[in-house]
Every structure is written in C-alpha cells, then in structure tokens.
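Undergrad: Numbering (full-length UniProt numbering), first residue to last: 1 to 83. Every residue, glycine too, gets a C-beta built ideally from N, C-alpha and C.
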Amino acid sequence: MAHTTIKVDSSVRDRLAILAAEKDTTIAGLVGEFAAHTPTQSERAELTAKTLAVLQEMSGYVPSPEQDRAADAELARRLGDAA
C-alpha cells in the first residue's frame, strides 16, 4: 500500500489525534473511515434521485423545487433548535 502525506495545521492534527484515540484508531484509520463512508456530491445526488423516485412511486407525491427548499430550511431550523 502506498502512503502519502497530508499537510494540515497542527491544531487540526491534534484534533484528529483526539478523535482517532476516542475511536481506538489512528489518524490514517480515521481519514480512511471518513473517505469510505462519506458520499461524494454525485453519490448524494444519485441517492436523492432514487429517494424521490421511490417517494413518487409509493405516494404519488413529487415535491416542487420550492417545497424541497422549504423542507430543507425547516429541517435545518429544527436541527438548529435541537442543538
């Protein structure tokens, strides 16, 4: 396996070290886990399209772009209120 170096500020490195220790792994393991389980923008768009297709198939409901934006805003508001 090839290795590479990623340059980050020391404060970022220190935080990554803490997070890795809390998960009983290394910084490399933490970064690898993040990369493996964080979807790319195109993967998120594909999942969104599939979800909307299932929603339409199951309920006949197809939200307009305005309804979609309003739902996103409401979710963000509720998550902000919960914090």
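1) Quick check: what's the CA-CA separation for Lys23 versus Leu30?
2) Pick out whichever of Ala21, Ile18, Ile27 and Ala20 has its Cα sitting closest to the Cα of Thr5.
3) What does a CB cutoff of less than 7 angstroms around Leu55 pick up in its chain, not counting 5 residues either side in sequence?
4) Going by DSSP in three states, Ser64 sits in which element: helix, strand or coil?
5) Can you tell me whether Asp9 is helix, strand or coil according to DSSP?
TA: According to the structure shown:
1) One C-alpha to the other measures close to 8 angstroms.
2) Ile27
3) Hits under 7 angstroms: Tyr61.
4) coil
5) coil
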